[in-house]
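Participant: Numbering (this note's numbering), first residue to last: 137 to 505. All C-beta atoms, glycine included, are put in the ideal place defined by N, C-alpha and C.
#1: According to DSSP, is residue 434 part of a helix, a strand, or is it coil?
#2: Can you check whether the CB of residue 394 is closer than 8 Å to the CB of residue 454?
#3: For the beta strand (DSSP E) that contains residue 107, what are its first and last residues?
#4: Which residues share a DSSP beta bridge with residue 269?
#5: Return the Cβ separation of residue 477 and residue 463 in integer angstroms, given the expectation that the two are a contact with Cβ distance under 8 Å.
#6: Find out if the Cβ-Cβ distance for the pair residue 406, residue 399 is shorter than 8 Å.
#7: Judging by CA-CA distance, which residue of 178, 403, 265 is the nearest neighbour of residue 249?
#8: Taking the straight line between their C-alpha atoms, what separation do you get for residue 238 and residue 486?
#9: Quick check on the DSSP output: the alpha helix (DSSP H) that includes residue 309 runs from which residue to which?
#10: Is the distance from the Cβ of residue 467 to the Cβ of residue 501 below 8 Å?
#11: So is residue 175 buried or exposed if we call it buried at 16+ other beta carbons inside 10 Å?
#12: Note down the Cα distance separating residue 171 from residue 397, rounded to an integer number of angstroms.
#13: Give me, in chain order, the residues of the same chain whose beta-carbon lies closer than 8 Å to that of residue 323; leave out the 5 immediate sequence neighbours on both sides.
#14: Just curious, the alpha helix (DSSP H) that residue 144 is in, first and last residue?
#15: Decide yes or no for the touch test of the region 157–166 against the region 345–359: beta carbon pairs closer than 8 Å, at least 3 of them.
#16: Closest to residue 218 by CA distance: which of 211, 226, 240 is it?
#17: Distance check for residue 375 and residue 361, CA to CA, integer angstroms please.
#18: Do residue 293 and residue 269 have their C-beta atoms within less than 8 Å of each other?
#19: Given a threshold of 16 other Cβ atoms within 10 Å of its Cβ, counted over all protein chains shown, does residue 300 qualify as buried or as exposed?
#20: Can you grab the Cα-Cα spacing for the pair residue 370 / residue 160, in whole Å?
#21: In or out: residue 297 buried (at least 16 other Cβ within 10 Å) or exposed?
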């Protein structure tokens with residue numbers, strides 16, 4: 137993940153995609169600040185504030201009652217630290233708001249892992265560093281990274297006294313208390329490594345953000361009812377058109393026009409993804425128009441009305457297929473979030489935390505469709 141040209145190309149392509157889809161994507165909220173945003177989450181009393189106090193020393197904290205979340209901006213490296221209150225179901229919305237503007241999360245864990253918080257971080261999608269506080273005894277064995285967890289750091293947040301067994305050559309055995317100071321070095325090391333990959337991390341976060349915003353906008357469009365005027369217009373034109381061959385040509389042109397109108401109305405791109413379903417719908421529409429025109433052999437008027445009825449009915453069906461096709465093609469466009477994430481995944485070594493994280497982001501984008 138250290139190819140500068142590769143990430144510059146991805147950033148340029150995602151920027152062009154965002155410019156074209158600005159209406160649905162809205163304001164760009166990631167990767168535009170000169171600092172990095174890191175949020176600290178966890179259950180009450182696990183050591184979130186203590187960790188921040190050791191990472192940022194001396195820690196400038198406001199006086200008086202704590203107004204969560206607490207934010208501190210440091211200069212070297214330029215990081216905006218956000219300390220959140222202990223997670224509870226009632227505070228889930230507040231923590232979700234803090235996560236929305238962050239690019240990296242420090243998850244201070246404890247033996248009791250609430251599944252709701254774990255699911256909230258998995259759905260967040262962005263990189264997470266799991267922090268295991270160690271107070272006494274043998275240090276815990278860190279679990280392997282899973283989902284969007286990049287790595288795990290085992291730290292001592294409080295100075296502890298560790299008993300050491302000493303055995304002398306003459307057989308005497310003594311126990312000596314050795315003070316162990318606070319050690320948050322593993323977190324600093326992981327943060328330094330992540331800072332070196334900030335461009336790559338920010339790029340993936342930005343693509344995931346774009347995919348989410350795209351899907352939210354598309355969901356609103358899909359809830360809107362389809363317009364009736366293309367149905368009535370096609371029914372009228374097919375009814376007034378003489379001859380079966382001309383009816384088929386007019387039906388096909390009307391369907392293609394409706395697809396292009398939907399694309400312009402929704403500002404969604406025409407892409408090769410799912411195109412076969414749209415072509416099948418267009419062909420089926422013309423077939424039904426021909427069937428409707430030839431189903432009633434008595435009288436030109438009845439034939440025209442039959443063709444017009446089937447033409448209007450198929451216009452509605454084509455619109456439904458076209459809307460689904462256009463919405464699917466948005467994120468899956470050649471320079472859309474899904475394709476760019478696939479390019480990133482192909483550049484990474486399978487089995488590494490980076491590869492697992494990008495694969496997790498791809499799975500989230502796929503589930504959004």
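Facilitator: Checking against the coordinates, here is how it stands:
#1: The pLDDT assigned to residue 434 is 47, lower than 50, so where the model puts this residue is not dependable; a value taken from the coordinates is nonetheless given after this. Residue 434 falls in the coil class under three-state DSSP.
#2: yes
#3: In the structure as shown, the chain begins at 137 and stops at 505. Residue 107 is therefore absent and cannot be evaluated.
#4: 291
#5: No, residue 477 and residue 463 are not in contact; Cβ-Cβ is about 18 Å, not under 8 Å.
#6: yes
#7: 178
#8: 26 Å
#9: Segment 309–316 is the beta strand (DSSP E) holding residue 309; no alpha helix (DSSP H) there.
#10: yes
#11: buried
#12: 43 Å
#13: 187, 191, 242, 265, 267, 289, 291
#14: 140–156
#15: yes
#16: 240
#17: 25 Å
#18: yes
#19: exposed
#20: 30 Å
#21: exposed
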